[in-house]
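Asks: Below: one structure in C-alpha cells.
There are 2 protein chains.
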Amino acid sequence: MNDKEKDKDKSWATAEDVAKLAGVSRSAVSRAFTPGASISGKTKTLVMQAAERLGYQVDINARNMIQGRSSFVGVVTSGLANPFRVKLLAPLAHYLGEHGFLPILMNADDADQIAHSLQILLSYRIAGVIMTSGAPPLALASEYVNRRIPVAMVNRAAELDGADVVNSDNDAGGRMAAQRLIQSGATRFAFVGPHISNFSGKARCDAFVDALKGLPRRKGDVELCNTSTDSYESGQQAANTLLNRSRGIPDGVFCATDMIALGFIDAVRHRFQKRVPEDIRVVGFDDIQHAGLDSYRLSTVAQNVQELARHTVQVLVERMNDFDTPAQVRVVPVSFVERDTAGPISG
Amino acid sequence: MNDKEKDKDKSWATAEDVAKLAGVSRSAVSRAFTPGASISGKTKTLVMQAAERLGYQVDINARNMIQGRSSFVGVVTSGLANPFRVKLLAPLAHYLGEHGFLPILMNADDADQIAHSLQILLSYRIAGVIMTSGAPPLALASEYVNRRIPVAMVNRAAELDGADVVNSDNDAGGRMAAQRLIQSGATRFAFVGPHISNFSGKARCDAFVDALKGLPRRKGDVELCNTSTDSYESGQQAANTLLNRSRGIPDGVFCATDMIALGFIDAVRHRFQKRVPEDIRVVGFDDIQHAGLDSYRLSTVAQNVQELARHTVQVLVERMNDFDTPAQVRVVPVSFVERDTAGPISG
DNA sequence: TTGTAAGCGTTATCAG
DNA sequence: CTGATAACGCTTACAA
Chain A
1 MNDKEKDKDK SWATAEDVAK LAGVSRSAVS RAFTPGASIS GKTKTLVMQA
51 AERLGYQVDI NARNMIQGRS SFVGVVTSGL ANPFRVKLLA PLAHYLGEHG
101 FLPILMNADD ADQIAHSLQI LLSYRIAGVI MTSGAPPLAL ASEYVNRRIP
151 VAMVNRAAEL DGADVVNSDN DAGGRMAAQR LIQSGATRFA FVGPHISNFS
201 GKARCDAFVD ALKGLPRRKG DVELCNTSTD SYESGQQAAN TLLNRSRGIP
251 DGVFCATDMI ALGFIDAVRH RFQKRVPEDI RVVGFDDIQH AGLDSYRLST
301 VAQNVQELAR HTVQVLVERM NDFDTPAQVR VVPVSFVERD TAGPISG
Chain B
1 MNDKEKDKDK SWATAEDVAK LAGVSRSAVS RAFTPGASIS GKTKTLVMQA
51 AERLGYQVDI NARNMIQGRS SFVGVVTSGL ANPFRVKLLA PLAHYLGEHG
101 FLPILMNADD ADQIAHSLQI LLSYRIAGVI MTSGAPPLAL ASEYVNRRIP
151 VAMVNRAAEL DGADVVNSDN DAGGRMAAQR LIQSGATRFA FVGPHISNFS
201 GKARCDAFVD ALKGLPRRKG DVELCNTSTD SYESGQQAAN TLLNRSRGIP
251 DGVFCATDMI ALGFIDAVRH RFQKRVPEDI RVVGFDDIQH AGLDSYRLST
301 VAQNVQELAR HTVQVLVERM NDFDTPAQVR VVPVSFVERD TAGPISG
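Protein sequences appear in the order of chains A and B. Going by the UniProt record's numbering, 18 is the number at position 18 of the first sequence; the sequence numbering is gapless. Going by the UniProt record's numbering, 244 is the number at position 244 of the second sequence; the sequence numbering is gapless.
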C-alpha cells in the first residue's frame, strides 16, 4: 500500500532506479550521462535503455550542487512594457542556453520588489547577473559585485568597477540620425529623449548635436527636449512642448527611442494636424516591432539585439571563469533602417 | 594559501559557516530560517546577525531536494513576438511568486527546440507546466500529464484529460463585438481570424456569427475570412482578400486578435484608401499596448490578464496538491474597451 | 529548546 | 572499465 502510493507520486526516477533496472551501479548511470566519461558502449546502451523506460533525466540541481556551480543567470529588467527589452530576451535566453545556463527573469518594476529579487537570486545561487538598461539602480549591481558574482550590463554607463558593459554604438547612431536628417533637407533640428539622467539618451543626444555642429544651412541651435522616460507618452508630451513654442517649429527631429518617436509622430499628426515626413522628419532608435507597421513606417537606427545578447553572455561567461579579469566595454554596431518618416533624400 | 583561495571564490556562505560564527549548530541555523520552527528568540537573533554579516541565504535547491519538491514551473510559450502573450507573463510570474514558484520561460518557436525544452524542464524537476495559447502541440502536454506533472493551459481547448484550462470568455467577447458593430449601423459583416485550426479563434467566430443571426437589416451572410496566424500580416492579407472581391465590401469587421485588426486597418487605410471607422468599422480582441496608440485607437474586447494569470496559477497549485482531482475549465470575463474604430453608436 | 546523525540525488575519488 | 564510498548544503527525526 505504502509502496503503491510512493510509485504514484514520486514520478521522478532516480539514478538508483535506473541502475537497478539496468543491473549496474549508480556510478555507471552517472557516467552514461557524462559526456566523455570512461564507460563501455555496452553498459552505456544498457543504461540508456533503462533510463528511457523510466523516463529518467539527470537532476540538474543535484549535479550542480556537488559540482559547486549553478546553471542560473539572473536577468533583471525594468519591465516587460518596453518592447525593446522584450526583444532582447529571446536572444539572451538563446545564448545563455548555449552555455548551459537558464535565465531567471526578474521584473524590477517597483523598488520594493527589486530588493526582494536580490534575495531570491542569491537563494538560487546564480552564476551571474545580466542587467538591462533602465531602472535597476547601480547600488543593486554593486551588491552582486561585492559578493563576487559576475555582472554584465546592457546599454548602461560603465560606472561600476568589476562589471562588464555591452552597448550599442550610440555615438554612431546619433551621427547617422543627424546625417540622414541633413540629407532630407531639414534645417531646424531637435532632439527628444531622456538626455540628462539616461546614459544611452545622453550619448545619442551628444553625438547628434555634435554631428550638426558647423552645418551652414542650420537655423538656430539644436533644440533639446528632455523627457523623464523613454515611453510613448513622453513623446506626446515633447510634441506639445516643441510645437507650442512661438519660435519656428523644428523640421528634423531625432527621438532617443522608437516609442518616443511613435508618441511624437502621433501627437504631431493627430493633435497638431501636421504631416510626417512632409512637415517634420523624424528618426527613431531601436527598431522595435511597431516601427515597421504601415501607420508609422518609422525610419530608425536599429540595434542589433542578436549581437548585443551574444556579447553580453560572452563577457559574463569570461568573468565567471576569472572574476578578476579587467572590466570590458564592448560596443555593438548599429545600422540605419530606411522607411518613410525621414522623408526623401533631397538634392 | 589554499584557504585563502577558497575564501576568495567560494563566495557562498553555508549554514555551517553561519553556525560557527553564531556559536550554534547547523540545525539551529536551519530552524532560524524555517518559519514556525521551534527556536528561541535569542538564538534566532544570534543566527540572523551572523547570517547578515556573512550574507547568507538558504540554498533553495538544497532545501527543495531534501524536501522532495521543486520551486520551478515551466512556462512554455510560442514566442515573445506576440504582445498579448508577453502581457500575460508579468502577472503569471507574480502569482507564481506568491506561491513560492519561479517561472522557467521556454520559447517554443521551433519544433526542434520544443522537444529539447521538455528535457530541460524535466531536468529541473519542475513542479508544473503552464502552456499559453499557440504553438505547443498537445502531444507535448500529454507527455507531462503522463509523468503526472500538473499542466495548466491558457486559452486553449480542453482536449486533454487531466489538464486544467483557463480561458477568456470568447463567447461573450464575440457577442460583444457583434452587438457593438450592430449598434454602429453596420449591415455587412465579416470575421477575420484563424477560425478553423485555432481554438480561441473558432470560439470567437462562432459567437460572432451566432449573435448576428436573424438580424433584419443584415445584408448577405457573414463573410468568414480564415487566416493561418494571428499576426499583423494575416490582417493585411485578409484585407486584400475581402476588399478585392466583386461583391460589396463589409462595413463591420471583427478581428480575432488586435494584431490582426491592426494589419487589417493599416491595409484598408493605406492600400485601399478607405476610412476606418467611417467606411469600415473594426473591432479587435486582446487589448494589447498597440491598441491604445493614437494612430489606431482600436475598439476591442479586452482580456483580463490579471485574472487569467491568477486562475491559471490557482488551478495549477490545486492539481499539485492532488493530481487526480477532476479537470477544471475556468472562464474569465472579458470587457469591451471603447475607442474609435467601431465608430459612433448610430440611432 | 537544542545538538547529533541520517539522508535527499548527484558526482568525484579511489580501489579493484 | 567498474563499483563502493564520501561529499555537496540542507532539513528532519531522534535523543538529550
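Glycine included, each C-beta is placed from N, C-alpha and C at the ideal position. This one's a predicted model, so the numbers in the text were calculated from it and none came from an experiment.
Are the Cβ atoms of A:L96 and A:L88 separated by less than 8 Å?
Replies: Not closer than 8 Å, so no.
Asks: Output, in sequence order along the chain, the residues in the stretch 50-66 of chain A whose CB is closer than 8 Å to any CB in chain B.
Replies: G55, Q57, V58, D59, I60, N61, A62, N64 and M65
Asks: Determine the DSSP secondary structure at A:K6, reduced to helix, strand or coil.
Replies: Note that A:K6 scores a pLDDT of 37, beneath 50, so its modelled location is shaky; the value from the coordinates is reported in the next line. A:K6 falls in the helix class under three-state DSSP.
Asks: Determine the burial state of B:T45: buried for a count of at least 16 other Cβ atoms within 10 Å of its Cβ, exposed for fewer.
Replies: exposed
Asks: Closer than 8 Å is the cut-off here; do at least three beta carbon pairs connect the stretch 272-288 of chain A with the stretch 58-73 of chain A?
Replies: no
Asks: Pick from A:V29, A:Q67 and A:H290: whose alpha carbon is nearest that of A:E52?
Replies: A:V29
Asks: Assign B:R310 to one of three DSSP states: helix, strand, or coil.
Replies: helix
Asks: Can you list, in chain order, the residues of its chain whose CB lies under 7 Å from that of A:N64, leaving out five sequence neighbours each side?
Replies: S70 and S71
Asks: If I measure Cβ to Cβ from A:S231 and keep anything under 6 Å in the same chain, skipping five residues before and after, which residues do I get?
Replies: Its chain contains M259 as the residues whose beta carbon lies nearer than 6 Å to that of A:S231, once the 5 sequence neighbours on both sides are disregarded; these appear in chain order.
Asks: Going by C-alpha distance, which of B:A90, B:D110, B:D266 and B:T132 is nearest B:A157?
Replies: B:T132
Asks: On the criterion of 16 or more Cβ atoms from any shown chain inside 10 Å, does A:G193 qualify as buried, or is it exposed?
Replies: buried
Asks: Name the chain B residues whose beta carbon is nearer than 9 Å to that of A:P103?
Replies: I104 and L105
Asks: With a threshold of 8 Å between beta carbons, is A:L140 in contact with chain B?
Replies: no
Asks: Can we say the stretch 266-282 of chain A touches the stretch 303-311 of chain A, given the rule of at least three CB pairs closer than 8 Å?
Replies: Judged by Cβ distances under 8 Å, the stretch 266-282 of chain A makes no contact with the stretch 303-311 of chain A, as fewer than three pairs qualify.
Asks: By the 7 Å beta-carbon criterion, what residues does the stretch 113-147 of chain A contribute toward chain B?
Replies: Q119, L122, S123, Y124, R125 and R147
Asks: Return the Cβ separation of B:S299 and B:E338 in integer angstroms, given the expectation that the two are a contact with Cβ distance under 8 Å.
Replies: 6 Å
Asks: Which term fits A:H116, buried or exposed, when burial requires 16 or more other beta carbons within 10 angstroms of its beta carbon?
Replies: exposed
Asks: Is there a Cβ from chain A that is less than 8 Å from the Cβ of B:H290?
Replies: yes
Asks: Given that A:S234 touches chain B, what residues does it touch there, using C-beta distances under 8 Å?
Replies: Result: empty, since nearest Cβ-Cβ is about 14 Å, beyond 8 Å.
Asks: Considering only the beta carbon of each residue, do B:N321 and A:A93 sit closer than 8 Å?
Replies: Cβ atoms of B:N321 and A:A93: not closer than 8 Å.
Asks: What is the rounded straight-line gap between the Cα of residue 351 of chain A and the Cα of A:M48?
Replies: Nothing about residue 351 of chain A can be read from this structure; chain A reaches only from 1 to 347.
Asks: Under 8 Å, Cβ to Cβ, is there at least one residue of chain B near A:S168?
Replies: no
Asks: Could you tell me the distance, in whole angstroms, from the CA atom of B:R175 to the CA atom of A:I120?
Replies: 44 Å
Asks: Taking all protein chains shown into account, do 16 or more other C-beta atoms lie within 10 angstroms of the C-beta of B:I196, making it buried, or fewer, making it exposed?
Replies: exposed
Asks: Report, in whole angstroms, the separation of the C-beta atoms of B:E223 and B:A190, which I expect to be a contact under 8 Å.
Replies: The pair is a contact, with the Cβ atoms about 4 Å apart (cut-off 8 Å).
Asks: Compute the Euclidean distance between the alpha carbons of A:P216 and A:V282, then round it to the nearest angstrom.
Replies: 21 Å
Asks: Could you say which of B:R180, B:A203, B:Q236 and B:E143 lies nearest to B:T341 if we only look at CA atoms?
Replies: B:R180
Asks: My assumption, with CB atoms under 8 Å, is that B:M153 sits in contact with B:A163. Please give the rounded CB distance.
Replies: 6 Å
Asks: By Cβ distance below 7 Å, which residues in the same chain neighbour B:V145 in space, the five residues on each side in sequence not counted?
Replies: Closer than 7 Å at Cβ, skipping near neighbours: V151, L160, G162 and A163.
Asks: Name the DSSP bridge partner or partners of B:D286?
Replies: B:A302
Asks: Report the neighbours of A:A93 on chain B: residues whose CB is nearer than 8 Å to its CB, in chain order.
Replies: L105 and N107
Asks: Starting from A:R204, trace the alpha helix (DSSP H) both ways and give me its first and last residue.
Replies: F199 to L212
Asks: Tell me the rounded alpha-carbon separation between B:D7 and A:R148.
Replies: Note that B:D7 has pLDDT 43, beneath the 50 cutoff, so the model's placement of it is unreliable and the number below is only indicative. If you take the alpha carbons of B:D7 and A:R148, they lie about 11 Å apart.
Asks: Report yes or no: is there a C-beta of chain B within less than 8 Å of the C-beta of A:S38?
Replies: no
Asks: From the DSSP output, in three-state form, read off A:P194 for me.
Replies: coil
Asks: How far does the alpha helix (DSSP H) with B:L242 in it reach, from first residue to last?
Replies: Y232 to L243
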